[in-house]
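Quick note: the sequence shown, position 73, residue 315 per our numbering, numbers continuous.
Where a beta carbon is used, it is the ideal one built from N, C-alpha and C, also for glycine.
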Amino acid sequence: MTKPLVSIIVPTYNVERYVEECIDALLAQTYPNTEIIVLDDASTDATVYLLKQYTEEIILIENEKNEGQGARRNQGLQIASGKYIYFMDADDWLEKEALKECVELAEKTSAELVRFNGLAFYQDDQSAVNENNYDFSQTLENNRLYTGEEALLKNRKAFTPSPCLYLVKKDLIDQNNLSFIEGVLHEDEYFTTVLFANTQRLIYLNKNYYHRRYRTASTMTEQTKQHKLRSFNSYIKVFQALEEEFEKPKYSETQKQFIKRQLLSIYNGLLVSDVHPEMKSRLKKFKSVTLKDKLFVLGARFKQQLRR
243 MTKPLVSIIV PTYNVERYVE ECIDALLAQT YPNTEIIVLD DASTDATVYL
293 LKQYTEEIIL IENEKNEGQG ARRNQGLQIA SGKYIYFMDA DDWLEKEALK
343 ECVELAEKTS AELVRFNGLA FYQDDQSAVN ENNYDFSQTL ENNRLYTGEE
393 ALLKNRKAFT PSPCLYLVKK DLIDQNNLSF IEGVLHEDEY FTTVLFANTQ
443 RLIYLNKNYY HRRYRTASTM TEQTKQHKLR SFNSYIKVFQ ALEEEFEKPK
493 YSETQKQFIK RQLLSIYNGL LVSDVHPEMK SRLKKFKSVT LKDKLFVLGA
543 RFKQQLRR
């Protein structure tokens, strides 16, 4: 049986300390038929120098302009020729059997999306960050195929935006003309929400394949005022893109509810953001957030505070 090609898309930017571990883990995959597309985003350290030692084993694209992870992932999608797509962050690593087991399950069940677990660890310490692991076993059943509205419900209950935590059929991306928002942080919030909304066949592997590194000054950990402002502005753009998606007539009521849930989650995050109050006046322009929605968000926040 022909083994379908998996395109692995890896954006890189100033990750000289970690990129070799990442690429080595991808080259060690027990699944043989892969193309590793590495797209450097104008690194200023030794990242590209280190990547050049792999040029016989990877497709290396050097970019002269820094445009962000969303732009590089989109660039990778334009190049990718695989039946399946896997997105990898360059400072993390993947268990060697991950792609083999995901592809075999996808081929056996015709699943469009294969989800799995991840473990977080601190920058220079392999010990786990217990409070931020990605374990979906409380919601998803191992090796069970979910279809239609049940797949959507399960993706809603076990939502996480990171595209590093699933293998996806490229047809699903192409048929929905799906791409990442460019020039923002949190670009995966939009991509994964729309992807999940359109997924009809989902399956889950209850295995910790992905290892996510928490490091200083990353998108997930940086807390400067400038970063908070950029994060706020990025979420505004993500919200607006999802709002446009929500208005499309192609979606069923259940799909719209799913997208609306993500909109309200982002809206709530913007409301409590640590930015100047004047910045939040922009939230009044959100057409999709009704008075009922605002009361729902306030009630949900109140319930959450009571549980603490």
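- Of the candidates 336, 304 and 352, 336 places its Cα closest to the Cα of residue 358.
- Note that the C-beta distance between residue 477 and residue 512 is below 9 Å.
- For the options 270, 407 and 317, the alpha carbon positioned closest to that of residue 438 is the one of 407.
- Annotation for residue 535: 506 place their beta carbon closer than 7 Å to its own, counting only its chain and skipping 5 residues before and after.
- Following the DSSP letters along the chain, one finds residue 543 inside the alpha helix (DSSP H) bounded by residues 533 to 549.
- A straight-line Cα-Cα distance of about 23 Å links residue 299 and residue 405.
- Fully enclosed alpha helix (DSSP H) runs of no fewer than 4 residues occupy 390 to 399, 412 to 417 and 429 to 440 of the region 379 to 457, in order along the chain.
- Annotated three-state conformation of residue 304 is strand, per DSSP.
- Going by beta carbons, residue 313 and residue 424 fall inside the 9 Å limit.
- In this structure the region 384 to 400 touches the region 440 to 453; the number of beta carbon pairs closer than 8 Å is three or more.
- With 16 or more other Cβ atoms from the protein chains shown falling within 10 Å of its own Cβ, residue 436 counts as buried.
- The residues 403, 461, 473, 476, 477 and 480, in chain order, have a CB closer than 8 Å to that of residue 428 in the same chain once the five nearest residues on each side in sequence are set aside.
- Here residue 501 really is in contact with residue 487; their C-beta atoms are around 6 Å apart, less than 8 Å.
- DSSP places residue 509 in the uninterrupted alpha helix (DSSP H) bounded by 495 to 513.
- Rounded to the nearest angstrom, the gap between the Cα atoms of residue 382 and residue 324 is 27 Å.
- At a Cβ-Cβ threshold of 9 Å, residue 340 and residue 271 count as neighbours.
- DSSP lists 454 as the beta-bridge partner residues of residue 362.
- DSSP places residue 297 in no beta strand (DSSP E); its state is neither H nor E.
- Sequence-distant Cβ neighbours of residue 522 in its own chain, meaning closer than 8 Å and more than five residues away, are 512, 513 and 515.
- In this structure, the straight-line span from the alpha carbon of residue 319 to that of residue 282 is close to 14 Å.
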